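Chemist:
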Amino acid sequence: RAVSAQAMAVIQFFTLLVQSILWNAQMVGDELDEATRERMQQREEYLSWEMTRLLQELEQGTQELAQRTQEQSGFAWGALVFAALWQWQFWAVAGVLLLLFALCCRLRKRSQEVDSSSDEESSSSDREQVEEEAEEEDDSDSEDDLGRFFEEHMQWPVQNLARDCQVVKDLIDNFILVFRQLLTNSFFPVLQSSIEVGSAFEGWSPREEDIIYRLLVPLKPPRGHAFHLELGNRGETPARNCRVRVELVCTCMREQLAGEMCFLHHPEEELRRNQGPSLLHTLCTESYLDVQKTARWFYQLVQAAWVFLPQSSTWRLTILPSRRSCKFRVTEGNNKTHIIEMMFGVQQGNSDIFVSSQNTEALFTPSTTWPESYAVAEAKFFRHMAGQVPHDSFHLRCLQAYARILVGIGFSTYTLKTVVMHLLNTIPLSGWRRRHFVLRMEDIMQYLLRCLEEKRLDHFFLGNERVPEEINLPPDFQTAEPLNLFQHLVQDPDAHAEAMREYMDLQERLTRLLISGR
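According to mature numbering (1 follows the signal peptide of the UniProt record, and there is no 0), the sequence shown holds residues -20 to -1, 1 to 498 in order.
(1) Tell me where the beta strand (DSSP E) around arginine 296 begins and ends.
(2) Evaluate the contact criterion for the stretch 323 to 336 versus the stretch 368 to 383: three or more CB pairs, one atom per stretch, below 8 Å.
(3) Is DSSP giving tryptophan 184 helix, strand or coil here?
(4) Rounding to the nearest angstrom, what Cα-Cα distance links serine 97 and serine 496 in this structure?
(5) Where do the ends of the alpha helix (DSSP H) carrying alanine 460 lie?
(6) Grab the span of the alpha helix (DSSP H) containing isoleucine 320 for me, first residue to last.
(7) Among the residues of its own chain, which have a CB less than 7 Å from the CB of valine 447, if the five just before and after it don't count?
(8) Cα-Cα, which of Leu259, Ile320, Asp270 and Leu469 is closest to asparagine 165?
(9) Which runs of the alpha helix (DSSP H) fall wholly inside the stretch 140 to 192 and span at least 4 residues, in chain order?
(10) Is it true that the stretch 373 to 382 meets the stretch 188 to 203, where meeting means three or more beta-carbon pairs spaced less than 8 Å apart?
(11) Do the stretch 169 to 181 and the stretch 303 to 311 meet, that is, are 3 or more Cβ pairs less than 8 Å apart?
(12) Answer with buried or exposed for residue 547, where buried requires no fewer than 16 other C-beta atoms within 10 angstroms of its C-beta.
(13) Per DSSP, what kind of secondary structure is valine 470 in: helix, strand or coil?
(14) Measuring CB to CB, does histidine 261 end up less than 7 Å from valine 148?
(15) Who are the Cβ neighbours of glutamine 272 in its own chain at under 6 Å, not counting the five residues just before and after it?
(16) Near leucine 300, which residues of its chain fall below 8 Å by C-beta distance, leaving aside the five closest residues on each side in sequence?
(17) Glycine 212 and arginine 225: beta carbons closer than 7 Å?
(18) Where does leucine 65 land, buried or exposed, given buried means 16+ other C-beta within 10 angstroms?
(19) Which complete alpha helix (DSSP H) runs does the stretch 231 to 279 hold, if anything under 4 residues is left out?
(20) Quick one: what's cysteine 378 bridged to in DSSP?
(21) Do glycine 256 and residue 507 count as a contact pair if the criterion is CB distance below 7 Å?
(22) How should aspartate 456 be labelled, buried or exposed, when 16 other C-beta atoms within 10 angstroms of its C-beta is the threshold for buried?
(23) Given this structure, state the Cα-to-Cα distance separating glycine 325 from tyrosine 279, to the nearest angstrom.
(24) Determine the DSSP secondary structure at aspartate 332, reduced to helix, strand or coil.
(25) Report the three-state DSSP secondary structure of arginine 363 (helix, strand or coil).
(26) Tell me which residues share the same chain as histidine 208 and place their Cβ nearer than 7 Å to its Cβ, disregarding the 5 neighbours each side in the sequence.
Shown next as structure tokens:
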């Protein structure tokens, strides 16, 4: 009954839209000449035919899917998918109707422009030329109007994201410069320039109040030390657990020039008196770099460096708790706040893949465990796409919209982000303009539904031969077997059923967002 009631409500909504379209068509017919009235009559007939066709397809498609899913998974499962598709295809019809509605409004506006121009200019040939140009642009203009309608109708978050990202980037750059001064002649890790990662710097943060500006600071070994990555086995999750083994290396040849002593070949007593401790005695547990010790060291650096920063005279610094990163809040003089998380990692060779201090989904993560991170590669992918897509591309708006309505649903933003990355890599980039917003939102939902039905969503980088060559991946990535992010759905039927219910919930939220803008 609930599904039937929702369907009736949507039908009533469509009926009102159809009435509005026909009314606008009639108004245009009253104002234009006989030839244009004839064209509008043809459009009205085409609209009626198209509505009949769409509704027939809806009825036939939903019946076939209901029967198929019932045969595969039982009546309850079929009913769920049936209801989801019912709502989804009605939403698709709504998109078509809104498109036609914008078309009629555009024609009415252009008819008024033609009338005014005819009063000023008596040349009938000029008016005919204007009408012909308007007719040629009707389709593209109406599509663009629909995209503009959603852009203005929906409440988009974070209007000054680019400005805020630059403010944070400048602040962290200042921090790194002071850090390096404080660490001169020490045997702590050498800090490289920070790399912006995460949704804020990728340009699609869902809600302003939830923004965390994340940056990854690469670590290089200090003099007399070497890092050796011990990569773990890849399990069901893409981020395999790794360790960073720290090893002392001989510096006897260098010490004659720099006046330093070799940690390997000088007595410990002499080293203690004349030289600072090695990294093994400061940030390591046994012979492995310790994430939590490194995080505490970063906190000490931030507090020590803050007083040397120009921003400290008018800004406030508040330290926030975190065991595996350095997290803090800065408040500008105008009380605008930014939450910043500095993560740290070690690069795998010359690739865009790191082992990092990021949190894992495990209940307990040993302090010497450094999960494999794809954050730098993902951020680089979005920067690469930003230089390829049209100037009015809506791919980030699509991600924003979905990330916003995912709150409280079991799907992670990483799941939808993976879906969008796959689609960006397959759909021509010219198809992501503002006018294609509705189509791309539909594509995302259809791709997700297909992945849920097949219980398979491939990781974007592992085993994907279509990754842009601008992304530097380790050699074993392209030869690796594709990793299924939905493997848990294969093993747990209850989790799969719950995921399908959440898909229906997501569909309802999306419909609500597109209609009400909230």
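Cβ atoms here follow ideal geometry from the backbone N, Cα and C, with glycine treated the same way. Keep in mind that this is a model prediction, so the values were computed, not measured.
Modeler: In brief:
(1) Where arginine 296 is concerned, the enclosing beta strand (DSSP E) stretches over 296 to 300.
(2) Of all C-beta pairs linking the stretch 323 to 336 to the stretch 368 to 383, fewer than three are shorter than 8 Å, placing the two stretches out of contact.
(3) Looking at tryptophan 184 - three-state DSSP - the assignment turns out to be coil, as it is neither helix nor strand.
(4) Bear in mind that the predicted position of serine 97 carries a pLDDT of just 49, short of 50, making it unreliable; the figure below should be weighed with that in mind. For serine 97 and serine 496, the distance between alpha carbons rounds to 37 Å.
(5) Looking at the DSSP string, alanine 460 is not in any alpha helix (DSSP H), and its letter there is neither H nor E.
(6) No alpha helix (DSSP H) contains isoleucine 320, which is instead part of the beta strand (DSSP E) from 317 to 327.
(7) Hits under 7 Å: Phe441 and Leu453.
(8) Looking at the Cα atoms, Leu259 is the closest of the given residues.
(9) Inside the stretch 140 to 192, DSSP marks whole alpha helix (DSSP H) runs of 4 or more residues at positions 141 to 162 and 178 to 182, from first to last along the chain.
(10) The stretch 373 to 382 is not in contact with the stretch 188 to 203.
(11) Here the stretch 169 to 181 makes no contact with the stretch 303 to 311; the two share fewer than three CB pairs at distances below 8 Å.
(12) A query on residue 547 cannot be resolved here, the shown segment of the chain reaching from -20 to 498 and no further.
(13) Helix, per DSSP.
(14) It is not a contact, given that the beta carbons lie outside the stated cut-off.
(15) Hits under 6 Å: Arg303 and Ser347.
(16) Taken in chain order, the residues that qualify are Lys307, Phe308, Arg309 and Ile319.
(17) The Cβ atoms of glycine 212 and arginine 225 lie no closer than 7 Å to each other.
(18) Low confidence applies to leucine 65: its pLDDT is 46, below 50, so where it sits in the model is not reliable enough to give any reading.
(19) For secondary structure counted as the alpha helix (DSSP H) over 4 or more consecutive residues, the stretch 231 to 279 holds these complete runs in sequence order: 232 to 238 and 248 to 254.
(20) Checking the DSSP bridge columns, you'll see cysteine 378 has no partner listed.
(21) The question about residue 507 has no answer, for the chain in this structure spans -20 to 498.
(22) So aspartate 456 ends up on the exposed side.
(23) Using only the alpha carbons, I get a separation of about 16 Å.
(24) In this structure, DSSP gives aspartate 332 a state outside helix and strand, which the three-state scheme calls coil.
(25) Three-state DSSP puts arginine 363 in a helix.
(26) Arg225 and Glu227.
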